[in-house]
Amino acid sequence: MDHFITIASSSTGNGAEVEIPEFSDKIRRKQLRRLTESRWLPDDIILCHLQLVQHRSLNNPDYPKTCVFDSSFYKELATQRYEEAKRDYIAQELLAKK
Numbered sequence: 006m007d008h009f010i011t012i013a014s015s016s017t018g019n020g021a022e023v024e025i026p027e028f029s030d031k032i033r034r035k036q037l038r039r040l041t042e043s044r045w046l047p048d049d050i051i052l053c054h055l056q057l058v059q060h061r062s063l064n065n066p067d068y069p070k071t072c073v074f075d076s077s078f079y080k081e082l083a084t085q086r087y088e089e090a091k092r093d094y095i096a097q098e099l100l101a102k103k
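Each residue of the sequence shown is one higher than the one before, counting from 6 in my numbering.
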């Protein structure tokens, strides 16, 4: 993540977005700059960091296993029945293991 903060802080970076190769996602420099400030973070930045954590855990057997959901997951889980949320958001095998 430090690498992305450096890119975002750089005034010489290309364009308004930073590409994250592991996920083929793009994050706006403006959002990344919030990491250096004391401000609330947008969902995109939080999800990006969680995806980096998950990516690391999948590629290193010494790290704990993780599963990442976007911010709408809890809302859907709270407003739908469990089975509907399970069908809509979670792979069957993931919950079957619990």
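Glycine included, C-beta positions come from ideal geometry on N, C-alpha and C.
Pick helix, strand or coil for residue i, following the three-state DSSP scheme.
{"i": "L55", "result": "helix"}
{"i": "N64", "result": "helix"}
{"i": "R92", "result": "helix"}
{"i": "L46", "result": "coil"}
By Cβ distance below 7 Å, which residues in the same chain neighbour residue i in space, the five residues on each side in sequence not counted?
{"i": "R61", "result": "Y68"}
{"i": "V58", "result": "T71"}
{"i": "Q97", "result": "Because Q97 sits at a pLDDT of 47, beneath the cut-off of 50, its placement in the model cannot be relied upon, and the following sentence gives the value as read from the coordinates. Nothing meets the Cβ criterion."}
Cutting at 8 Å between CB atoms, please list the residues of its own chain near residue i, excluding the five before and the five after it.
{"i": "L52", "result": "V73, D75 and S76"}
Considering residue i, what are the terminal residues of the alpha helix (DSSP H) in which it resides?
{"i": "Y74", "result": "Position check: residue 74 holds Phe in this sequence, whereas Tyr was assumed. F74 -> no alpha helix (DSSP H), and no H or E assigned at all."}
Leaving out the 5 sequence neighbours to the left and right, which residues in its chain are closer than 6 Å to residue i when beta-carbon positions are compared?
{"i": "L82", "result": "A90"}
{"i": "L55", "result": "V73"}
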